[in-house]
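Residue numbers (full-length UniProt numbering): 1 to 296.
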């Protein structure tokens, strides 16, 4: 697979730009808990492998502390900037979003990103604060420092606050999404408002949720399409017009994930995964913000 070109489909966003539907992420396993200045060569090498395999959508965030690693990989990866789709997010430095983006751009070694996200809504429970921050995001887009703007981990109530005063509708909301956390009401809301969805934690049903009610259908479909259950999960996202974000440090695994772009699930197969997944609830991230019973 490593030498086979597998085109990654693109999803058109509400601002007219297009986003590749499979992304390589530099969070999760690469998240740096310690000193950000100590470069993680393994992260750099893994991101370079992803770029070599034609993962052009590269997802980062200031809170991951790996923007410098991603920037190094971009510089050494040999792919022209215009062919890459670079994403980063603001959270620790949300008090000054313009300064935060300038810092991120320096670490990434680029003069703009393709998508800039507010990483989470938990910095304030006042709608006026969210509206003010969104106005700053709109200004950054107007200045050409980012082509698109969006959010991550927002609930419909937070999006409602933004939409009250927004001049630019968020292009996307990046959320944890997998068979055991399907957010049906939120996905419906996104579609009604013209907001795209991107999924992190998309492999949770076969990693953290292994042994659950979706195992049988995922294994059956993996056998049918000659792929892994994880690749079925990625395709399940794409076939619902949801961008899938994944990561790995292993070239073979990253190469294998591209197989998810070579077939399509039938609507019935998507529904079967949905029905099996709905029998279990699993949230892997932001568990300190959501109680176990909160399925939003």
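Even for Gly, the Cβ is constructed at its ideal location relative to N, Cα and C.
Buried or exposed, going by whether 16 or more other CB atoms sit within 10 Å of the CB of residue i?
i	result
residue 336	The structure shown does not extend to residue 336, since the chain is modelled only from 1 through 296, so no value can be given for it.
residue 288	exposed
residue 223	exposed
residue 248	buried
residue 297	Here the chain covers residues 1 to 296 and nothing more, so residue 297 does not appear.
residue 294	exposed
residue 37	exposed
residue 141	buried
residue 2	Note that residue 2 scores 45 on pLDDT, short of 50, meaning its location in the model is unreliable; the coordinates nonetheless yield the value given after this. Residue 2 should be labelled exposed.
residue 264	exposed
residue 211	exposed
residue 235	buried
residue 35	exposed
Return the bridge partner residues of residue i from the DSSP annotation.
i	result
residue 118	90, 151
residue 57	23, 85
residue 243	198
residue 178	181
residue 146	113
residue 11	19
Please report the Cβ distance between residue i and residue j, rounded to the nearest whole angstrom; I am assuming they are in contact, meaning their Cβ atoms lie under 8 Å.
i	j	result
residue 15	residue 148	6 Å
residue 161	residue 136	Between residue 136 and residue 161 the Cβ distance is about 15 Å, and since that is not below 8 Å, they are no contact.
residue 276	residue 217	5 Å
residue 12	residue 20	In fact, because the Cβ distance is near 12 Å, the residues do not count as touching under 8 Å.
residue 47	residue 17	Contact flag wrong, Cβ pair sits at about 22 Å.
residue 118	residue 151	5 Å
residue 58	residue 70	6 Å
residue 213	residue 280	5 Å
residue 243	residue 196	7 Å
residue 245	residue 23	4 Å
residue 112	residue 77	The pair is not a contact, with the Cβ atoms about 18 Å apart (cut-off 8 Å).
When you compare only the Cα positions, how much space is there between residue i and residue j?
i	j	result
residue 229	residue 238	15 Å
residue 45	residue 179	31 Å
residue 8	residue 194	22 Å
residue 68	residue 154	26 Å
residue 240	residue 185	14 Å
residue 253	residue 174	23 Å
residue 116	residue 156	19 Å
residue 227	residue 52	21 Å
residue 266	residue 274	13 Å
residue 94	residue 225	44 Å
residue 201	residue 146	25 Å
residue 33	residue 108	19 Å
residue 286	residue 207	17 Å
residue 105	residue 125	28 Å
residue 103	residue 50	24 Å
residue 96	residue 283	30 Å
residue 182	residue 192	17 Å
residue 271	residue 291	27 Å
residue 43	residue 28	11 Å
residue 257	residue 90	28 Å
Please identify the residue among the options whose C-alpha is closest to the C-alpha of residue i.
i	options	result
residue 198	48, 87, 129, 128	87
residue 261	275, 248, 284, 231	231
residue 31	50, 63, 58, 22	63
residue 190	211, 165, 159	159
residue 127	166, 293, 114	166
residue 259	233, 141, 266	233
residue 120	291, 203, 176, 23	176
residue 79	251, 24, 56, 139	56
residue 65	23, 54, 100	100
residue 74	255, 122, 54, 272	54
residue 110	292, 134, 82, 98	82
residue 134	235, 163, 29	163
residue 139	129, 122, 91, 98	98
residue 72	91, 92, 40	40
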